[in-house]
Each structure stands twice: as C-alpha cells, then as structure tokens.
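Chemist: Residue numbers (the numbering used here): 83 to 289.
A single structure is presented below for examination.
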Ligand SMILES: [Mg+2]
Ligand SMILES: [Zn+2]
C-alpha cells in the first residue's frame, strides 16, 4: 500500500504566520501547486492522510466547528480537482495536555494506519511531508521517509540545528511529489533488475 502523510498548514495551504492559525475559511489559501500535487499522488495510487496540529482550538481561538467547516471546504476543492484525501487527523490539544496525537507524537499516524487495517510497520514505506521540525520528527518517529518543504514555516538553515534531519528537502508539495515518485520508480527498477537476474539464473539452471 502506497501511503503519504501530509501536514496541512504550510504544505497544503499557506502558512498563517508564526504563532498564528487559520481561524476562518477566508484565511485558507492553497499553496500554488498543492492541489495538482494531491491529484498526482491520488492518480499514482497513494492513500493520502493529513496529520495536523491545531492547538488553536484548545486555546479557544477558533471552534471545532469552524475547523470542520474549513476542512469540508478543503476536501471539496481537493475532490473538484481530481484528488482524494482519505482522512484528516487533527490534534486540537495543547502541548501540556500530554496527548498522543500532537506531533511529534505519532498517535494520529497509528490511527490513520489502523483505519486501513495496517500496522505501524507499514509507515516504513510511507512518506511524511511537512514544513516544521515537529513534522520531520513525527515522520521519523513513525519510521517514514521524511520530506521538508520550504513553502511553510522553516527554511533550509533551521535544519542544521535539528537532531533529526529530513531525508529530503523540496521547494513545495509539488516538488515533493517528484521525489516520492522517483523513489518509487527507483524501487520498482531495482525489483525489475532483481527479477531479470533471477529469471536468467533459472534459465541457466534449466539448460
Ligand atoms: Mg505546518
Ligand atoms: Zn492531541
């Protein structure tokens, strides 16, 4: 199963600014190319899950209903452009709540995989795309390949200070999709090569 986990703010939609949140629909703007990226991933057969921290709910800055409203619209626009997001997982808690769903924790990754009857082991073949250290850590903690996109909060320089570095860096989600597809092609090429080798061997044995 091909799986990609996406952060939301700074990846799918424009980063609202440090310490800020997307509190209403008017503030939700797709990053250029992100809808194309989601459509391409969908066509390539990826199951896409969104994993996003939205502590603004616990802080009382916006309601769960507002968040749902924004989500419904996002999913509608994704569908309208030929893409599909399988499920969206939000952590609406504060860091002090000690929940298991706030990234870099991986509760939501586990839940997403459980929703398609997969164990956490499957994450090792999945990608996690995000714009912050906590995304890269969450992806790493789950065992995913990680891609930092520069369309959001962090820039390239921040990563030098991180304990865990992203496996790849991309300009934005659209460029991240190239990396994901390339990686998969490399894997299938390797498999084809192995199969060719194997069939040659078996042919030799026959002679
Ligand atoms: Mg983000
Ligand atoms: Zn949480």
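We put the beta carbon where it would ideally sit given N, CA and C, even for glycine.
The structure presented is a predicted model; accordingly, all values stated were derived computationally and were not measured.
1) Using the beta-carbon count (16 or more within 10 Å), is residue 101 buried or exposed?
2) Along the chain, where does the alpha helix (DSSP H) that runs through residue 105 open and close?
3) Grouping DSSP H, G and I as helix and E and B as strand, with all else coil, what is residue 189?
4) May I have a chain-ordered list of the alpha helix (DSSP H) segments no shorter than 4 residues that lie completely inside the segment 120-179?
5) From which residue to which residue does the beta strand (DSSP E) around residue 229 run?
6) Using DSSP with H/G/I as helix, E/B as strand and the rest coil, what is residue 91?
7) By a C-beta neighbour count over all protein chains shown, 10 Å radius and 16 as the cutoff for buried, is residue 289 buried or exposed?
8) Span of the beta strand (DSSP E) holding residue 212?
9) Near residue 107, which residues of its chain fall below 7 Å by C-beta distance, leaving aside the five closest residues on each side in sequence?
10) Quick one: grab the DSSP three-state call for residue 86.
11) Under a Cβ-count criterion, where at least 16 other Cβ atoms within 10 Å of its own Cβ denotes burial, should residue 147 be classed as buried or exposed?
12) Rounded to whole angstroms, what's the CA-CA distance from residue 95 to residue 238? Just pull it up for me.
13) Can at least three beta-carbon pairs, one atom from the segment 136-143 and one from the segment 163-179, be found at a separation below 8 Å?
14) Any heavy atom of ligand 2 closer than 6 Å to the CB of residue 226?
15) Below 8 Å on the Cβ atoms is my guess for residue 225 versus residue 206; work out the distance and round it to an integer in Å.
16) Please state whether DSSP places residue 252 in a helix, a strand or coil.
17) Compute the distance between the beta-carbons of residue 91 and residue 97, then report whether it is under 7 Å.
18) Just curious, the alpha helix (DSSP H) that residue 221 is in, first and last residue?
19) Based on Cα-Cα distance, which residue from 122, 212, 231, 123 lies nearest to residue 135?
Modeler: Taking the coordinates as given:
1) Along the chain shown, read from residue 1 onward, the residue named residue 101 stands at position 19. By the 10 Å Cβ count, residue 101 comes out exposed.
2) The residue given as residue 105 occupies position 23 in the chain shown. In the DSSP assignment, residue 105 falls outside any alpha helix (DSSP H), carrying neither H nor E.
3) As a working note, residue 189 is residue 107 in the chain shown. Residue 189 falls in the helix class under three-state DSSP.
4) 146-162
5) What you label residue 229 is simply residue 147 of the chain shown in a count that begins at 1. It spans 227-231 - the beta strand (DSSP E) in which residue 229 sits, taken as one unbroken run.
6) Counted from its first residue, the chain shown places residue 91 at position 9. Of the three classes helix, strand and coil, the one that applies to residue 91 here is strand, per DSSP.
7) Residue 289 sits at position 207 when you count from the first residue of the chain shown. Low local confidence applies: a pLDDT of 49 at residue 289 is under 50, so the model's placement there is unreliable, with the coordinate-based value given in what follows. With fewer than 16 other Cβ atoms within 10 Å, it is exposed.
8) For the purposes of this step, residue 212 is identified with residue 130 of the chain shown, where counting begins at 1. Run containing residue 212: 209-212, per the beta strand (DSSP E) assignment.
9) Taking the chain shown and counting its residues from 1, one reaches residue 107 at position 25. Within the same chain, 151, 152, 155 come within 7 Å of residue 107 by CB-CB distance, once the 5 residues on both sides are set aside.
10) On the chain shown, position 4 is the one that residue 86 refers to. Residue 86 sits in a strand when the DSSP states are folded into three classes.
11) Reading the chain shown from its first residue, position 65 is the one you call residue 147. Exposed is the call here.
12) Here residue 95 refers to the residue found at position 13 when the chain shown is read from its first residue. Here residue 238 refers to the residue found at position 156 when the chain shown is read from its first residue. Those two C-alpha atoms are separated by around 19 Å.
13) yes
14) Counted from its first residue, the chain shown places residue 226 at position 144. Flag unset: Cβ of residue 226 not near ligand 2.
15) Numbered from 1 along the chain shown, position 143 holds the residue referred to as residue 225. Numbered from 1 along the chain shown, position 124 holds the residue referred to as residue 206. That belief holds up - the Cβ atoms of residue 225 and residue 206 are roughly 4 Å apart, short of 8 Å.
16) Taking the chain shown and counting its residues from 1, one reaches residue 252 at position 170. Three-state result, residue 252: strand.
17) Here residue 91 corresponds to residue number 9 of the chain shown, with the count starting at 1. Here residue 97 corresponds to residue number 15 of the chain shown, with the count starting at 1. In this structure, residue 91 lies near residue 97, with their beta-carbon atoms less than 7 Å apart.
18) Within the chain shown, numbered from 1, the residue matching residue 221 stands at position 139. Bounds of the alpha helix (DSSP H) holding residue 221 are 215-224.
19) As a working mapping, residue 135 is identified with position 53 in the chain shown. Out of 122, 212, 231, 123, 212 has the C-alpha closest to the C-alpha of residue 135.
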